[in-house]
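Heads up: the sequence shown begins at 1 in the UniProt record's numbering, then just goes up one per residue.
Take a look at the structure set out below.
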Amino acid sequence: MKRYTMTPISRKSQKLPSSVRKNMNNPRMSIAPEESKRRDIRMVRDKNYKQSCIENVCKFLTENNFDSNISQKTLQSPSNRDFQTIFKFIFSFIDDYEYSSRFEEDVINIIKILKYPYSSEITKSQLTAITPHIWPIVLSMLSWMVDLLVKCSDSFEEKTETDTVESHFFQFVCDGYTQFMNGNEDDDKLEEEFERKVEQLYAHMFKRIDEKKQYLAELDTEISSVRKGINGLTDLEAKRNEMLDKLNSLISSEKQLENKKIKYLTATKKINEEIRLCEKEADELRLQQGHLRDKIDRQQIHPEDVKIMNKEKVDLYKVLEKITPEKEKIMMENRELEKAFSNVVDDLSKYVHEYNSLRSHPSLEIAKETSLDISFSTELQDLKKLIEEEYFSKQQEKENCKVLKETAENDLEERKTIHREFENKVDLCNKKLITTGELYLNKKKISEDAQRRCKNEMEELICELRTLDLESNSSLNQSEQLLQRAKIKLDALRNKIEREKDEINKMVYNFYNNYQSIRNRFMKINEDLKDFLNKMG
């Protein structure tokens, strides 16, 4: 492999011009924009990738006769000195750089000048001590430099040795010298021809530069359109976030509806249980009502009779209230009479017993047998009268008892009327129960309709929620796909722009170097010619 350098081929150790070095050391003064920090997305610690980098670097070093003994085993975990030697050897194909005492800072500046895409991943502290953890990143950088050199050498080998500025300039100098020796000092035609050949030589380069500029303008327009698309994606992101907020609110409302649904279900269960109990009680009351109606149907009583009976009942209550104290008084007298009667009976039995125990008189017995007409003493007659009076009084009390019996019967009738009134009240209660049952059934029907309506609304909300979820997911997926495509397209465009800009910078840099070398040579040859003419003169 020929050694590739950024200096002209004929100069062996010529350094870069000061203006170019200044431009290279200061990225802000470069033609290309500063490389933005880019995170290394390569799998640098992958075994296969690491082995391919080692093979690439080792092949380059062996093909270009690296001084030290190098092998793939050494590149697995090299020392700091090995890394410095390898880096200096590889970069010597690009430029004869004079390294300072701070080698790490020089490496960082060099990779930034070379526009290494992942220069932000390498720091001075990493280069101070090469550890096995840091080595894959540095090895990937060395492999990239080797690939860069191979690509540049291949592109420069395509050029022929005859079609170069040096050959045309050499021919121009020779023709000028020949004409000068022939005495023709008019070299305008030769200069025009030399300029024409140089323009022809770099015409395709300038044309390509114009094409690249046009392509860059197109890329800028495409980037602006992509940015507009990205702005549209931001709108989609905002809509997506809005849809997600709505979805979250719908989910929260669904949870609230679920809680309400559970609450309503428990309430409906309780209401159903109460309805069953009320229906059961209503059935029992209907049975009682039927029995009472049967009793009422069997009784031949009219409402007018009930009114008359109620009036009579009131009158009887009044009479009973008047009779009650007289009854108590008579009862007291009756008790006294019973007591006196019992005393009289006791006396009579005593007298009878004494009478039976008397001595018999024949005359009295004869009279008794013949007439059975016994004469008593006056005391006995008075006793008889008293007994008769008592008898009559007892008869009178019997009559009074009959009257009391009749009053008791009347009281029983009154109680029956009270019972009828209670039955009427029961009828009213039954009617109220029926009306309350009808109201309850109406309310139950209304609650069931409301529950059914709420259930339908909840199902509609669930359907809308599912459709919104599907639409949001589809729109989210589409927006993410569009965003990913736009990002991929934007990255591809950026990479292509960077590559084109790097290539243009290299071409401009080469053109500038060639121009400087030709100008220097021309000035040198001009001075040599002047010296030669002075000597000849």
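Beta carbons: idealized from backbone N, C-alpha and C, even for Gly.
Here the structure is a predicted model, which is why all the values come from computation and not from measurement.
How would you label residue i, buried or exposed, when you count the other beta carbons within 10 angstroms and need 16 or more for buried?
i: Ile-374; result: Low confidence applies here, because Ile-374 scores a pLDDT of 48, under 50, leaving its location unreliable; read the following figure in that light. Flag for Ile-374 reads exposed.
i: Met-332; result: exposed
i: Phe-83; result: buried
i: Gln-214; result: exposed
i: Leu-50; result: As written in the sequence, residue 50 is Lys, which differs from the Leu given in the question. Classification of Lys-50: buried, given that the 10 Å Cβ count is 16 or more.
i: Leu-61; result: buried
i: Leu-139; result: buried
i: Ile-418; result: exposed
i: Tyr-118; result: buried
i: Asp-106; result: buried
i: Ile-251; result: exposed
i: Val-352; result: exposed
i: Ile-256; result: Looking at the sequence itself, residue 256 is Gln, so the reference to Ile does not match. Looking at its Cβ environment, which holds fewer than 16 other Cβ atoms inside 10 Å, Gln-256 is exposed.
i: Ile-54; result: buried
i: Leu-533; result: exposed
i: Val-314; result: exposed
i: Glu-185; result: exposed
i: Glu-90; result: Correcting the residue type first, residue 90 is Ile in the shown sequence and not Glu. Result: buried.
Give me the Cα-Cα distance between residue i and residue j, rounded to the nearest whole angstrom.
i: Ser-19; j: Ile-94; result: For Ser-19, the pLDDT reaches just 36, beneath the cut-off of 50, and the residue's location in the model is therefore unreliable, although a value from the coordinates is still provided. Taking the straight line joining both Cα atoms gives about 18 angstroms.
i: Asp-175; j: Leu-201; result: 19 angstroms
i: Leu-236; j: Leu-244; result: 12 angstroms
i: Ser-479; j: Ala-492; result: 19 angstroms
i: Glu-254; j: Asn-456; result: 13 angstroms
i: Asn-430; j: Lys-263; result: 33 angstroms
i: Ile-525; j: Lys-189; result: 18 angstroms
i: Glu-397; j: Asp-411; result: 20 angstroms
i: Asp-154; j: Leu-148; result: 10 angstroms
i: Glu-500; j: Lys-207; result: 14 angstroms
i: Val-319; j: Thr-407; result: 10 angstroms
i: Arg-28; j: Asp-502; result: The predicted position of Arg-28 is uncertain, since its pLDDT is 37 and thus under 50; no value can be drawn from it.
i: Trp-144; j: Lys-115; result: 11 angstroms
i: Leu-316; j: Asp-347; result: 43 angstroms
i: Ser-517; j: Val-173; result: 15 angstroms
i: Arg-519; j: Ser-167; result: 14 angstroms
i: Glu-464; j: Lys-239; result: 18 angstroms
i: Glu-34; j: Ser-77; result: Unreliable placement is indicated for Glu-34, whose pLDDT of 43 sits below 50; no coordinate value is reported for it.
i: Leu-372; j: Lys-402; result: Only weak support is given to the placement of Leu-372: the predicted model assigns it a pLDDT of 45, under 50, and the value that follows is read from those uncertain coordinates. Looking at the two C-alpha atoms, the distance is approximately 39 angstroms.
i: Arg-521; j: Ile-70; result: 41 angstroms
i: Arg-81; j: Asp-220; result: 45 angstroms
i: Leu-439; j: Thr-467; result: 41 angstroms
i: Thr-74; j: Ile-130; result: 13 angstroms
i: Ile-323; j: Leu-428; result: 36 angstroms
i: Glu-527; j: Lys-112; result: 39 angstroms
i: Lys-394; j: Glu-326; result: 17 angstroms
i: residue 600; j: Asn-65; result: This structure does not reach residue 600, given that the chain is present from 1 up to 537, and the question cannot be answered.
i: Ile-308; j: Lys-350; result: 57 angstroms
i: Asn-513; j: Asn-48; result: 40 angstroms
i: Asp-96; j: Phe-103; result: 15 angstroms
i: Leu-247; j: Asp-469; result: 7 angstroms
i: Lys-339; j: Glu-390; result: 11 angstroms
i: Phe-422; j: Arg-415; result: 10 angstroms
i: Lys-425; j: Glu-279; result: 21 angstroms
i: Glu-274; j: Asn-442; result: 15 angstroms
i: Cys-454; j: Glu-222; result: 54 angstroms
i: Ile-230; j: Leu-490; result: 10 angstroms
i: Val-508; j: Val-44; result: 33 angstroms
i: Ile-108; j: Lys-124; result: 7 angstroms
i: Thr-266; j: Asn-272; result: 10 angstroms
i: Glu-459; j: Leu-287; result: 44 angstroms
i: Leu-357; j: Val-344; result: Reading off the sequence, residue 357 comes out as Ser, not Leu. Each residue's Cα considered, the two are about 20 angstroms apart.
i: Leu-461; j: Gln-481; result: 29 angstroms
i: Lys-405; j: Glu-399; result: 10 angstroms
i: Glu-98; j: Ser-92; result: 10 angstroms
i: Glu-321; j: Arg-420; result: 23 angstroms
i: Asp-294; j: Leu-285; result: 14 angstroms
i: Ile-366; j: Glu-328; result: Its pLDDT being 46, under 50, Ile-366 is placed unreliably in this model, and the value from its coordinates should be taken loosely. Each residue's Cα considered, the two are about 53 angstroms apart.
Which whole-angstrom value is the C-beta distance of residue i and residue j, which I expect to be below 8 angstroms?
i: Val-146; j: Val-57; result: 6 angstroms
i: Ile-137; j: Glu-121; result: 6 angstroms
i: Ala-486; j: Leu-216; result: The pair is not a contact, with the Cβ atoms about 20 angstroms apart (cut-off 8 angstroms).
Quick one: does residue i have its CB under 8 angstroms from some CB of chain B?
i: Tyr-49; result: No chain B appears in the structure shown, which is made up of a single protein chain.
Legend entry - Every unbroken alpha helix (DSSP H) within the UniProt domain "Kinetochore protein Ndc80 CH" (21-153), with a cutoff of 4 residues, ordered by chain: Correct list: 47-63, 80-91, 103-113, 124-128.
Inset, instruction - Kindly provide the ranges of any beta strand (DSSP E) runs that are 3 or more residues long and lie completely inside the segment 373-409, ordered along the chain. - result: Within the segment 373-409, no complete beta strand (DSSP E) run reaches 3 residues.
Inset, instruction - Kindly provide the ranges of any alpha helix (DSSP H) runs that are 4 or more residues long and lie completely inside the segment 409-492, ordered along the chain. - result: Runs found: none.
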